[in-house]
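*Asks:* Using this note's numbering, the first residue of the sequence shown is number 3, and each one after it goes up by one.
Quick one: structure below, then a few questions.
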Amino acid sequence: VIGILKVGAKHLYVYDTNSKVHERTPLCVLDFYVHESKQRLGYGKRLFDMMLEHEQCAPYELAIDRPSNKCLAFLHKHYNLSAPIHQVNNFVVFHAFFNGPPAALHRKPSTPKQRPESFSWFPTTERQQHRPLSEVIEVSQHQHLGTFPNEHD
3 VIGILKVGAK
13 HLYVYDTNSK
23 VHERTPLCVL
33 DFYVHESKQR
43 LGYGKRLFDM
53 MLEHEQCAPY
63 ELAIDRPSNK
73 CLAFLHKHYN
83 LSAPIHQVNN
93 FVVFHAFFNG
103 PPAALHRKPS
113 TPKQRPESFS
123 WFPTTERQQH
133 RPLSEVIEVS
143 QHQHLGTFPN
153 EHD
């Protein structure tokens, strides 16, 4: 595993720099980690960019749960997000989070049932791909063959 990036919508009350409370359900970064041996090689940026594209959102629209100093430095370096606004609920948002209409106000939380069984923003090699359940069933019925269907294609 090179790294993980877990996101999901959360219902939050967030304060702006004027201490005005806003009720939102933004997309939140819940976990973001790249293995130490793979840091500073572009994997985190690639992973984050693919997530932003998949979720169709901008970095400033996100709420970040308990970001580390490394995470905040990463967001500043790659997305020019500075001056984080720390919330009492341990999330961090940025000034632009409050600009314009609250687009994330009605975002529906993702549920595991709505997501595919396995999802990756990185392209996978053929060997890394998970086989569909139909292939697994077919293989179990033909175990005497010793190979998976399409294994040598």
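We treat Cβ as the ideally placed atom computed from N, Cα and C, and that holds for glycine.
With the cut-off set at 9 Å, would you say Lys8 and Asp33 are in Cβ contact?
*Replies:* Yes. Within cutoff.
*Asks:* Cα-Cα, which of Phe100, Leu29, Ile6 is closest to Lys47?
*Replies:* Measuring from the Cα of Lys47, the nearest candidate turns out to be Ile6.
*Asks:* Output the distance between the C-alpha atoms of Glu38 and Lys72, rounded to the nearest integer angstrom.
*Replies:* Cα to Cα, Glu38 sits roughly 12 Å from Lys72.
*Asks:* Could you check if Arg42 is buried or exposed, using at least 16 other CB atoms within 10 Å of its CB as the buried criterion?
*Replies:* Counting Cβ neighbours within 10 Å, Arg42 comes out exposed, since fewer than 16 surround it.
*Asks:* Measure the alpha-carbon distance for Val3 versus Ala85 and round it to whole angstroms.
*Replies:* Each residue's alpha carbon lies about 31 Å from the other.
*Asks:* Mind checking Glu25: buried by the 16 CB within 10 Å criterion, or exposed?
*Replies:* With fewer than 16 other Cβ atoms within 10 Å, it is exposed.
*Asks:* If you run the structure through DSSP and keep just helix, strand and coil, what is His13?
*Replies:* DSSP places His13 in coil when its eight states are reduced to three.
*Asks:* Taking the DSSP output, what are the residues bridged to Tyr35?
*Replies:* Its beta-bridge partners are Ile6.
*Asks:* Quick one: what's Phe93 bridged to in DSSP?
*Replies:* In the DSSP output, where bridge partners are listed per residue, Phe93 has Asp67.
*Asks:* By Cβ distance, which residues of its chain are closer than 7 Å to Tyr62, with the 5 residues on each side in sequence left out?
*Replies:* Excluding residues within five positions, the ones whose Cβ falls inside 7 Å are Leu83, Phe96, Ala98, Phe99.
*Asks:* Hey, out of Glu55, Tyr45, Val36, whose CA is closest to Leu29's CA?
*Replies:* Leu29 has its Cα closest to that of Glu55, out of Glu55, Tyr45, Val36.
*Asks:* What does a CB cutoff of less than 6 Å around Asp18 pick up in its chain, not counting 5 residues either side in sequence?
*Replies:* These residues qualify, in order along the chain: Phe100.
*Asks:* Measuring only the C-alpha atoms, how far is Asp51 from Tyr45?
*Replies:* If I take the Cα positions, the gap works out to 10 Å.
*Asks:* Where Thr27 and Gly10 are concerned, what is the direct C-alpha to C-alpha distance, given to the nearest angstrom?
*Replies:* Roughly 10 Å separates the two Cα atoms.
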